[in-house]
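Take a look at the structure set out below.
6 protein chains.
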Amino acid sequence: MNEIGIVKRGIARADAQAVAALGEYGVATVHEAMGRSGLMKSYLRPIYAGAKLCGPAVTVLLQPGDNWMLHVAAEQLREGDIVVAACTADNGDGHFGELLATSFRARGAHGLVIDAGVRDVGELTAMRFPVFSRAISARGTVKATLGSVNVPVVCAGTAVNPGDVVIGDDDGVVVVPAALAPKVAQAAAARMANEASKRERLAAGELGLDMYAMREPLAKAGLRYVD
Amino acid sequence: MNEIGIVKRGIARADAQAVAALGEYGVATVHEAMGRSGLMKSYLRPIYAGAKLCGPAVTVLLQPGDNWMLHVAAEQLREGDIVVAACTADNGDGHFGELLATSFRARGAHGLVIDAGVRDVGELTAMRFPVFSRAISARGTVKATLGSVNVPVVCAGTAVNPGDVVIGDDDGVVVVPAALAPKVAQAAAARMANEASKRERLAAGELGLDMYAMREPLAKAGLRYVD
Amino acid sequence: MNEIGIVKRGIARADAQAVAALGEYGVATVHEAMGRSGLMKSYLRPIYAGAKLCGPAVTVLLQPGDNWMLHVAAEQLREGDIVVAACTADNGDGHFGELLATSFRARGAHGLVIDAGVRDVGELTAMRFPVFSRAISARGTVKATLGSVNVPVVCAGTAVNPGDVVIGDDDGVVVVPAALAPKVAQAAAARMANEASKRERLAAGELGLDMYAMREPLAKAGLRYVD
Amino acid sequence: MNEIGIVKRGIARADAQAVAALGEYGVATVHEAMGRSGLMKSYLRPIYAGAKLCGPAVTVLLQPGDNWMLHVAAEQLREGDIVVAACTADNGDGHFGELLATSFRARGAHGLVIDAGVRDVGELTAMRFPVFSRAISARGTVKATLGSVNVPVVCAGTAVNPGDVVIGDDDGVVVVPAALAPKVAQAAAARMANEASKRERLAAGELGLDMYAMREPLAKAGLRYVD
Amino acid sequence: MNEIGIVKRGIARADAQAVAALGEYGVATVHEAMGRSGLMKSYLRPIYAGAKLCGPAVTVLLQPGDNWMLHVAAEQLREGDIVVAACTADNGDGHFGELLATSFRARGAHGLVIDAGVRDVGELTAMRFPVFSRAISARGTVKATLGSVNVPVVCAGTAVNPGDVVIGDDDGVVVVPAALAPKVAQAAAARMANEASKRERLAAGELGLDMYAMREPLAKAGLRYVD
Amino acid sequence: MNEIGIVKRGIARADAQAVAALGEYGVATVHEAMGRSGLMKSYLRPIYAGAKLCGPAVTVLLQPGDNWMLHVAAEQLREGDIVVAACTADNGDGHFGELLATSFRARGAHGLVIDAGVRDVGELTAMRFPVFSRAISARGTVKATLGSVNVPVVCAGTAVNPGDVVIGDDDGVVVVPAALAPKVAQAAAARMANEASKRERLAAGELGLDMYAMREPLAKAGLRYVD
């Protein structure tokens, strides 16, 4: 059940150092480092190729076709925050555009993840303001019904608490619970280090079959080679 | 009910000055200036980022998997026209490609909006011929069944009459009835003027909450701040 | 019925000269040259604009959420091959990423067509490794259940045999049976030659109505011009 | 462009005799009798198998997530009317339920066609109140923003004017312009008469190939029989 | 982030009396009584018309294409429980069928809500075992990867904790947090009482316009009647 | 590549006894008995609950929006055959209705599986003529372009050869290659025998955890019970 009509002011953001560290890794790496967990649904796409974001979440619960709460959220932003906007119903209208992006940036936001539609994507791309959305639509919204700011939300199928770390790139969006951020950052670092040597060996022509010692388990599973 | 087998020759195009003026504004602005009306469904997407078009509509009613009427429409084009092609059934086949674009451009067309599929998108992108379509597919079409040209159509959920102004950009496609074009252009101009000063204030850090005087209505609606 | 647990080693690849020739034509042209046949479903999209591939298919049958067989396939690659990966169920997880692309390229692959999801699309784009997929998702996969390599598969609605020619560009993906490759290459060449002169005439303003002699059949079909 | 904030009271309903006649035929027959035209998109489905409706349209233009105008429409109903509700945006919320059905029935309505969602489908089924909708959802709506009643609308891809005849059955929904209703009813009657004798011949084992004299055109088109 | 590999045994189920009371109301009524909140996404549909369920949730987190955890959940069931199965990825395979339904019923379950596919729907319908699912598919699953039982999950877009009340009928599925169950049951009762008298007045021909006193706010909003 | 313009007359139907045996089992059982293989995509749905079919396939390759080849196929039918109609492009138009069903039944067909749309579903339901389709639409089709009869096709993602056994029920549609029919029938029988005793034990309250000896592998995989 969603709490409606609430703005929580003092939220606990994830450790800044952990946020910075997570920003170095891609979404796929962080998702793996969390035990293959935390991904938002893949219908969220960046509005321009190469868009990237990482920061603690200021959460918003929107009503469909209504962007009032985005204005309310602007006041709660701190430098580096990511706005994560869920919606009480499936909706693709354009809840966010250039003016709000101007405001969000002025107040410190480094990007937006929204389980709804956005517009002015030409202008947003020119501004290089990173946005991950479920739709692009010029259709405007009203400012008539309350939602909430900084309550727990479900955004694109994933539970998000205010202060959790949100990371987005061309592969999608992943959420790291604030308490786990340092541990996940460490695990991601280890994974990356490990990948560098693998990349070299594969580039030299070594087969994954050998590098990962797959031949025996494949044979055990019954794989047969025929000519 | 669609009229089949008709080509209307002498159509009344929207006022040229109004068309030129509307071309200065984006789709979102024009849609708002019309009272949030006139948008085609958001499944119509530009085939390349940054595609833009604006002009009076030459309408086409296609049969699915058949592009005969696009050839018929070519003869009815004047400099600056936009071809708006509806289809009597949902279909994603490639009704339009490089050769037709070459012909359309030679006859004056400034773009295509089509509630069906297109192909040769690499070549169309290289030509910078703006196309908004519901699908991309290499699947070819036949030339066997009559449709119509310059009859009223429903394209991507929106009624379009020949001569109406059609505007497309990264946010989608909007239709302005010919008779309303001057009035809508004026309203859009007013809206734009108004936005410039807002943008500046928001960029300076002023909150929408204050600029739009939202605090009182929010409080009245029951918004509560908690710590 | 899919054969599970088989790797066929010695496959007959389409004639190299025919493959090279087909690589000169776009997907739409080849599809037309085959009598409007052989297209994969249009939900397969390139991960970056301008991606292109052409080569004989090394086929893979994947289990959903499992990329084991892609590693097995790497060993069967020869210079110029295209990996064509079907899946026993609809699935959008990220079965392929940068490391596998590095391995595939080192072993000679010129691209991937996959009826499932991929990840690391930023890195794959930077590598210019052409991939056509049904989805982009950071979600990782396991290596636990057997599929097959170089068995006949149905990929994106189209039957593919190992060694068939697979061609992909911005318009989609088409498959040419190995035995037909030389004949189709010839037909495509003829079609291209024919198009060049048409393009010129259309660019000069000639109407398709006249160039294709459509006026008479249109009149016979009952087309009426009104003012 | 949709007219907002208008209720038209005195509408011209299609000829009652023609409406009654059309009610005798199924949707497929009427669609064919109109030259394969007038169908709404097939995503509109009856909420229970066997639901059927036929009558002149009282049109409604809804705002998404807002059912205010359905209450306004109730006052404009006459015995036998069908409410046809379009929506200014794609929306699947439950705009209509048992209470409104009770009101509509009391005021004479014989059914509802709605390009949005409905709820209370268990109760509506028990009432045998025929409804064709795009979705079923318990999600409630507000009564806050104006739409219109008895203006021209586009419902499920088809233009509808108040007073047009709307017919629905298990195959979907078709619209007959009021002025054409008598002519279409006649054409449908002729078609039905014709079908009865065909049904008998086919039931007796005669082939469509012979009854429709298809063998010659098939041979001309190049059909080859092989053993 | 989902907890993997956990089975929580002692869960706090919602008050039994409140559960029984909520079972008397439909999903739409409960959703309204909670302030229009708690609905699962409307893609969850009953496998047979008229399926209904109400009870405290035993939650399951499934891996896609793997139904191992449903067997683990069976041991945690008490009389009257509803199994609520979420999945770590979008998947429509048949995770549940007649044998598991037999087991669940023997252990006390009164139904299943599953954000994945099921099979044996003919048999399940004959058993009158109520199931709400996102898909129907004969495709079988494996028992290979751990999920969890009785952890918090997101099912069809809605957060569910073990012990929460889950209610399903033809209109969809709604979740009531355990702590709020008594209060929501009361609110639903009040709503129902209120509806009975409204139904009578509407059935007698009174307009919602008058009963809800809408004429004045409509006029204020600018509604115009024309002839 | 699809062969166009061919009717193959003498096809080898699967062994009649095996067909009869397979008809005794449901789709899920047969799919499992084939090693989880052979399922068509789950978007194919029966037009009425409880529809069932089983028989050797007479295959048809349709052009979208064209049902000419269904008439050609009628002549090739023998008692007990199932018509399996694929389409060269995605299409939901109504290619089949009551008249064709009358003809098919008179010529021996026991049902239709069609990767396209059908109409007259009220009448087809009354006739109890089992049909599995991807869509229901009143939209009519033409008889203008050749396809084929009794060539190999890909229907709903699965390769089908003429004479293969096709089985459909509420869970979907599965295809058994003719040569494997006896072996699969045997495997299905064994599976069914095995299920009967399992059903009894589960109904008596025994847990799948114990019956399938899952406790040890679950513990090995790391499952932890907490209170």
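Protein chains in written order, with this note's numbering: chain A, 1 to 227; chain B, 1001 to 1227; chain C, 2001 to 2227; chain D, 3001 to 3227; chain E, 4001 to 4227; chain F, 5001 to 5227.
Every residue, glycine too, gets a C-beta built ideally from N, C-alpha and C.
Where the alpha helix (DSSP H) containing residue i begins and where it ends
| i | result |
| --- | --- |
| F/K5183 | 5181–5203 |
| E/R4224 | Looking at the DSSP string, E/R4224 is not in any alpha helix (DSSP H); the run it does join, the beta strand (DSSP E), is 4224–4226. |
| F/L5218 | 5215–5221 |
| F/M5034 | Where F/M5034 is concerned, there is no enclosing alpha helix (DSSP H), given that its DSSP letter is neither H nor E. |
| E/L4207 | Taken as a continuous stretch (DSSP letters only), E/L4207 belongs to no alpha helix (DSSP H), as it is neither H nor E. |
| E/L4070 | 4068–4074 |
Beta carbon proximity, residue i to chain D, threshold 9 Å
| i | result |
| --- | --- |
| B/I1082 | no |
| B/V1154 | yes |
| B/A1004 | A small correction: the amino acid at residue 1004 of chain B is Ile; Ala does not occupy that position in the sequence shown. Interface residue, yes. |
Residue i: first and last residue of the uninterrupted beta strand (DSSP E) it sits in
| i | result |
| --- | --- |
| B/K1008 | 1006–1008 |
| B/V1083 | 1082–1087 |
| D/G3117 | 3112–3118 |
| B/G1172 | 1172–1176 |
Residue i, DSSP secondary structure in three states
| i | result |
| --- | --- |
| A/F132 | strand |
| C/T2158 | strand |
| E/L4039 | strand |
| D/R3105 | helix |
| C/D2015 | coil |
| B/G1122 | helix |
For residue i: DSSP bridge partner residues
| i | result |
| --- | --- |
| F/L5100 | Partner(s): none; F/L5100 has no beta bridge. |
| E/W4148 | Checking the sequence, you will find Ser at residue 4148 of chain E rather than Trp. The partner list for E/S4148 (beta bridge, DSSP) reads E/L4061. |
| B/G1055 | B/V1166 |
| F/G5094 | F/G5117 |
| E/R4139 | DSSP, once it has assigned bridges, lists no residue as partnering E/R4139. |
| C/V2153 | C/V2160 |
| F/R5045 | F/S5133 |
Any chain C beta carbon closer than 9 Å to residue i
| i | result |
| --- | --- |
| B/A1074 | yes |
| B/H1110 | no |
| F/S5037 | yes |
CB contact below 9 Å: residue i versus chain A
| i | result |
| --- | --- |
| D/A3228 | Residue coverage of chain D in this structure runs from 3001 to 3227, which leaves residue 3228 of chain D outside it and unanswerable. |
| C/V2184 | no |
| D/N3091 | yes |
| E/S4103 | no |
| B/M1214 | yes |
Min CB distance residue i to chain E below 9 Å
| i | result |
| --- | --- |
| C/G2097 | no |
Contact with chain G by residue i, beta-carbon distance below 9 Å
| i | result |
| --- | --- |
| C/R2139 | Although the question refers to chain G, the structure presented lacks it and instead comprises the protein chains A, B, C, D, E and F. |
Residue i at chain B interface by Cβ criterion, 9 Å
| i | result |
| --- | --- |
| D/T3125 | no |
(Q) When you compare the region 24–37 of chain A with the region 2113–2128 of chain C, are there three or more beta-carbon pairs, one atom per stretch, that lie closer than 8 Å? (A) yes
Q) Between the region 171–180 of chain A and the region 2129–2143 of chain C, are three or more C-beta pairs nearer than 8 Å? A) The answer is yes - the region 2129–2143 of chain C touches the region 171–180 of chain A, with three or more Cβ pairs under 8 Å.
Q: Please confirm if the region 5103–5111 of chain F is in contact with the region 5070–5085 of chain F, defined as three or more CB-CB distances below 8 Å between the two stretches.
A: yes
Q) At a cut of 8 Å, does the region 2045–2052 of chain C reach the region 2140–2149 of chain C through at least three beta carbon pairs? A) no
Q) Are there three or more Cβ pairs, one per stretch, closer than 8 Å when the region 4057–4072 of chain E is compared with the region 5211–5224 of chain F? A) yes
Q. Hey, is the region 3184–3196 of chain D in contact with the region 1176–1184 of chain B, meaning 3+ C-beta pairs nearer than 8 Å?
A. No: fewer than three Cβ pairs fall under 8 Å.
Q. Are at least three pairs of beta-carbons, each pair with one atom in the region 2009–2018 of chain C and one in the region 87–97 of chain A, less than 8 Å apart?
A. no
Q. Any chance the region 4121–4130 of chain E sits against the region 3200–3208 of chain D, with 3 or more Cβ pairs inside 8 Å?
A. The region 4121–4130 of chain E, when compared against the region 3200–3208 of chain D, does not touch it at the 8 Å Cβ threshold.
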